[in-house]
Amino acid sequence: PDKNIVTVEDPIEYQLPGIAQIQVKPEINLTFANGLRSILRHDPDIIMVGEMRDLDTVDIAVRASLTGHLVFSTIHTNDTAGAITRLIDIGVEPYLLTSSVRAIIAQRLIRKICSHCKTEYNLEQKDEIMEFEKLGIKKEELPKKLFKGKGCTYCHEGYSGRIAIFEILLIKEEIEKMIMEKKTSRAIRNEAKKHGMRTLRGDGIKKVYEGVTTLSEVLSETQEIME
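Every letter in the sequence shown is one number past the one before it in this note's numbering, and letter 37, counting from 1, is 37.
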């Protein structure tokens with residue numbers, strides 16, 4: 001391949017042709033941080049770090065980004081804005097974040113309506129309409145019809161399979177300013193929404209309108225995130 005792509009993972013879940021993959025082995029001191037140090041000696045173009053668990057790993061990844069490497073990684077938080085405050089809590093200086101991070105993506109898997117028993121229904125239930133209104137969606141903006149699964153011998157509960165919902169936070173100038181000021185994740189999130197960011201819940205609602213899933217499923221999977 002044209003690009004030298006290297007990963008550090010724990011565990012390696014998929015073997016990827018043309019990509020050098022390193023398995024973390026703490027028993028021989030091959031940690032994420034030490035794996036990253038080793039990778040950087042081999043002039044990689046793209047680096048994927050399985051998880052940002054400590055300041056040492058994050059610091060090396062950030063500095064790799066600042067020296068022209070494209071770096072991907074994961075971190076456990078509830079949403080995109082939470083990743084920023086989590087990295088600062090770990091010990092990363094805000095100015096390093098604004099210089100190195102270009103985008104943050106959050107994702108969740110939600111259940112899909114079973115295609116074998118999917119049925120259309122009129123949105124008339126007052127309780128369901130009220131749930132939409134609690135989300136700031138006016139009654140006149142709601143679709144006339146939605147979908148649900150009745151439950152069948154194939155799925156038993158009206159759902160079959162899963163689909164991802166996404167939230168993408170682009171680190172633009174106004175977000176950089178808030179990072180430098182160490183604003184809360186909620187403040188960063190609200191600012192990003194003003195500039196058009198679709199939240200996890202917002203993407204879920206879009207999939208409800210498209211007939212992919214149900215409102216109750218989206219609400220249950222995004223309930224801890226304050227809209």
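C-beta: ideal position from N, C-alpha, C; glycine also.
Since we're looking at a predicted model, the values are computed, not measured.
Query	Result
Alpha carbon of residue 96 to alpha carbon of residue 62, nearest angstrom	7 Å
Given residue 196 as reference, the closest of 87, 67, 174 and 101 once Cα atoms are compared	174
Helix, strand or coil at residue 74 according to DSSP, with G and I counted as helix	coil
CB of residue 201 within 7 Å of CB of residue 222, strictly	yes
Residue ranges of each beta strand (DSSP E) within the region 77-161, 3 or longer	103-113, 118-122 and 145-149
CB of residue 147 within 7 Å of CB of residue 113, strictly	yes
Cut-off 6 Å between Cβ atoms - residues of its own chain near residue 192, not counting five sequence neighbours on either side	169
Three CB pairs or more closer than 8 Å across the region 40-48 and the region 4-15	yes
Inter-stretch contact at 8 Å, needing at least 3 Cβ pairs: the region 118-127 / the region 66-81	no
Best match in 208, 91 and 101 for proximity to residue 172 [C-alpha to C-alpha]	101
Segment contact flag, the region 202-215 with the region 134-147, C-beta cutoff 8 Å, min 3 pairs	yes
8 Å CB neighbourhood of residue 90 in its chain, flanking five on each side removed	52, 54, 55 and 58
Of the listed residues 86, 28 and 117, nearest to residue 213 (C-alpha basis)	117
Where residue 175 falls: helix, strand or coil (DSSP)	helix
Pairwise C-alpha distance: residue 144 and residue 39	55 Å
Reduced DSSP category for residue 49 - H, G, I as helix; E, B as strand; rest coil	strand
With 16 other Cβ atoms within 10 Å as the buried cut-off, status of residue 199	buried
Best match in 161, 216 and 34 for proximity to residue 132 [C-alpha to C-alpha]	216
Proximity to residue 185 [Cα-Cα], best of 13, 86, 209 and 158	86
Cβ-Cβ distance between residue 232 and residue 98 below 7 Å	Because the chain here runs from 1 to 227, residue 232 falls outside it and cannot be looked at.
With 16 other Cβ atoms within 10 Å as the buried cut-off, status of residue 153	exposed
Through-space distance from residue 67 to residue 21, alpha-carbon basis	21 Å
Burial state of residue 230, where buried means 16 or more other Cβ atoms lie within 10 Å	With the chain running from 1 to 227 in the structure shown, residue 230 is simply not present.
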